[in-house]
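Worksheet: the structure to be examined is printed underneath.
Residue numbers (UniProt numbering), protein chains in the order written: chain V, 1 to 405; chain C, 1 to 128.
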């Protein structure tokens, strides 16, 4: 392996601390990643040297803030290979981005139109569509992918003339599998459906190219890709973004206002009411630059090797059931017969190991798997083999302590 | 295990790991509920692990039975029920159960996060 996680760890001082008397092992990166110094510096630098409101002010700091803010938009556009920065709408995160789309498209849906999502979605890419369906009389249909992400022969029949919107995650947050995205997007487009891709679990690990994906919308959060919380992105093709009714109105998004009517501004501003999260945007751009400066294939190979290594170590344990795939994933998701994942989680925590347990905001998927939840260890570029080993050792210890009745 | 022993057992814990192991030990003292008793009605909402709590009042005194599918939660229930078992509703309502649990080194189970429903259990214990 050419990549050395120890060299990158020095950019993440938060990792260098004790938790309950043990060195901290942070393995909850699918929930949120830690932030490198360059992101922290960018945010602090913004407040120390630049802070002013953007777009409207005609003074020294405002011009500088606007340049940095719009420069950040440009950085995002290049990061996901969007044609221009007008395609990039700032949001609070993935959830808000999807809500903007579900509210914005409401006027296009009629009774019995179909919204199709997959069986591997996070609640963020499920509940907003379900609510949209209940508001409009549209029907929410669930594409029954195999729990390993694989395509079933019957899946094709779910894409019909009635399918108006198709929304899918690229990688499952709960079990780490990749979905057959290109196949699904082609089928959706053949039926003239609008398409949305949830890239929340992708952006930290895989390069994103929205032009090649050719989806109408692509959404992700900053905090899962080494950026700050409270900032995310809605990418859209211009006609798709134009089709959205702004779900919030107010300042910034308007061109002309009278007491009788309001003329909205052009994209991207039309969809960004109110003073934006300026430091979030600048911090996220710094996170993009951080990733771009790395040898990204090496980072991904490293993260996948940690997941595969962990999988292989745990595979032989009789009581452990693994739900994540052995390869091509950056996380391990498992349950243990007769032991609650919260109990395992609590023991791992007592040993300084931070993981996640529960349904991972994917309750219908857990129901389908016939379990209450899983224990998930998710890796980022700064994790080490030692941490993967500690996770395995302590997990086996926990099973030992918790297993005897 | 007597109430005094439970208190001593938990207060002796000096680390998160010791508390964890003490709760595992305590959990073995909780009589399990039958499947028929684990109804939706008896379920405490707001717990990530399933928790069932049954209350019966006899001669003004409250008696509790409880269960959970998570072992640590069963340990917490043993500690919690030892504080309130056989008391009147007025006596229970007069108690500061959060403070009592903190004294037992269980304060980390009192966060309002969605992972811990102990606050919901306390709410149910103190409601009429």
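The beta-carbon is built from N, C-alpha and C at its ideal position, and this holds for glycine as well.
Do you know how far the Cα of residue 103 (chain V) is from the Cα of residue 71 (chain V)?
Approximately 28 Å between the Cα atoms of the pair.
Could you check the C-alpha separation between residue 247 (chain V) and residue 253 (chain V) for me, to the nearest Å?
Roughly 11 Å between the two C-alpha positions.
Tell me whether the stretch 387-395 of chain V and the stretch 199-207 of chain V touch, counting them as touching only if at least three CB pairs, one residue from each stretch, are closer than 8 Å.
No, the stretch 387-395 of chain V does not touch the stretch 199-207 of chain V.
Could you tell me whether any Cβ in chain A is nearer than 9 Å to the Cβ of residue 48 (chain C)?
Judged by its chain identifiers, the structure shown contains no chain A, and its protein chains are V and C.
Looking only at its own chain, which residues have a Cβ that is under 7 Å from the Cβ of residue 50 (chain C), when we skip the five neighbours before and after it?
Counting only Cβ-Cβ distances below 7 Å, and skipping sequence neighbours, we find 43, 68, 69.
Just the C-alpha distance for residue 84 (chain C) and residue 398 (chain V), rounded to the nearest angstrom, thanks.
Their backbone Cα atoms lie some 31 Å apart in a straight line.
What span of residues does the beta strand (DSSP E) with residue 236 (chain V) cover, start to end?
From DSSP, the beta strand (DSSP E) with residue 236 (chain V) extends over 232-236.
When the cut-off is 9 Å and only beta carbons count, does residue 284 (chain V) lie next to chain C?
No, no contact with chain C.
Report the option in C:40, C:106, C:56, C:31 whose CA atom is closest to the CA atom of residue 125 (chain C).
Among C:40, C:106, C:56, C:31, the Cα nearest to that of residue 125 (chain C) is on C:56.
Given this structure, state the Cα-to-Cα distance separating residue 121 (chain C) from residue 216 (chain V), to the nearest angstrom.
Distance between the alpha carbons of residue 121 (chain C) and residue 216 (chain V) is about 46 Å.
With three or more beta-carbon pairs closer than 8 Å as the criterion, would you say the stretch 69-84 of chain V touches the stretch 278-286 of chain V?
Contact between the stretch 69-84 of chain V and the stretch 278-286 of chain V is present, because at least three Cβ pairs lie under 8 Å.
Taking Cβ positions only, does residue 70 (chain C) come closer than 9 Å to chain V?
Chain V, which has a Cβ nearer than 9 Å to the Cβ of residue 70 (chain C), makes this yes.
Pairs of beta-carbons, one from the stretch 188-201 of chain V and one from the stretch 119-135 of chain V, closer than 8 Å: are there three or more?
Segments in contact, yes.
To the nearest angstrom, report how far apart residue 96 (chain C) and residue 20 (chain C) are at their CA atoms.
The straight-line gap from Cα to Cα measures roughly 23 Å.
With a threshold of 16 other CB atoms inside 10 Å of the CB of residue 318 (chain V), please say whether the residue is buried or exposed.
Residue 318 (chain V) is exposed by the Cβ-count criterion.
Could you compute how far the alpha carbon of residue 306 (chain V) sits from the alpha carbon of residue 381 (chain V)?
Distance between the alpha carbons of residue 306 (chain V) and residue 381 (chain V): 10 Å.
Check whether chain C comes within 9 Å of residue 349 (chain V), counting only Cβ atoms and requiring the distance to be less than that.
Closer than 9 Å: yes.
Compute the beta-carbon to beta-carbon distance between residue 302 (chain V) and residue 36 (chain V), rounded to the nearest angstrom, for a pair I have assumed lies under 8 Å.
The Cβ separation is near 16 Å, so there is no contact.
Is there a C-beta anywhere in chain V that falls below 9 Å from the one on residue 21 (chain C)?
Closer than 9 Å: yes.
With H, G and I counted as helix, E and B as strand and the rest as coil, what does DSSP make of residue 1 (chain V)?
At residue 1 (chain V), the pLDDT of 48 sits below 50, so the modelled position is not reliable; the number obtained from the coordinates is stated separately. Correct three-state label for residue 1 (chain V): coil.
Residue 303 (chain V) by DSSP, collapsed to three states: which one?
Helix.
Does any CB atom of chain V fall closer than 9 Å to the CB of residue 16 (chain C)?
Output row for residue 16 (chain C): interface = yes.
With DSSP as the reference, label residue 250 (chain V) as helix, strand or coil.
Correct three-state label for residue 250 (chain V): coil.
What in chain C is Cβ-close to residue 401 (chain V), meaning under 9 Å?
Those within 9 Å of residue 401 (chain V) in chain C are 20, 21, 24.
Whole alpha helix (DSSP H) runs in the stretch 152-216 of chain V with 4 or more residues, listed along the chain?
As far as the stretch 152-216 of chain V is concerned, its whole alpha helix (DSSP H) runs of at least 4 residues are 181-190, 210-213.
Mind checking who residue 396 (chain V) pairs with in its DSSP beta bridge?
DSSP lists no partner for residue 396 (chain V).
Give the DSSP-derived three-state secondary structure of residue 221 (chain V) in the structure shown.
Residue 221 (chain V): strand per DSSP, three-state reduction.
Does the beta carbon of residue 58 (chain C) come closer than 9 Å to any beta carbon on chain V?
Judged by the 9 Å Cβ criterion, residue 58 (chain C) is not in contact with chain V.
From residue 1 (chain V) to residue 25 (chain V), what does the alpha carbon distance come to, in whole angstroms?
Note that residue 1 (chain V) scores a pLDDT of 48, beneath 50, so its modelled location is shaky and nothing firm can be said.
At 8 Å on the CB atoms, spell out the chain C contacts of residue 366 (chain V), in chain order.
Within 8 Å Cβ-Cβ: nothing; residue 366 (chain V) doesn't reach chain C, min ~12 Å.
How is the alpha helix (DSSP H) around residue 14 (chain C) delimited, first residue to last?
Note, residue 14 (chain C): premise wrong, no alpha helix (DSSP H); not H, not E.
Which complete beta strand (DSSP E) runs does the stretch 60-92 of chain C hold, if anything under 3 residues is left out?
61-68, all fully within the stretch 60-92 of chain C.
Comparing the C-beta of residue 343 (chain V) with each C-beta of chain C, is any distance below 9 Å?
Output row for residue 343 (chain V): interface = yes.
Helix, strand or coil for residue 33 (chain C), going by three-state DSSP, please let me know.
Of the three classes helix, strand and coil, the one that applies to residue 33 (chain C) here is coil, per DSSP.
In terms of residue numbering, what span does the beta strand (DSSP E) encompassing residue 14 (chain V) cover?
From DSSP, residue 14 (chain V) is part of no beta strand (DSSP E); its letter is neither H nor E.
With a cut-off of 8 Å, do at least 3 Cβ pairs link the stretch 178-193 of chain V to the stretch 157-167 of chain V?
Judged by Cβ distances under 8 Å, the stretch 178-193 of chain V makes contact with the stretch 157-167 of chain V, as three or more pairs qualify.
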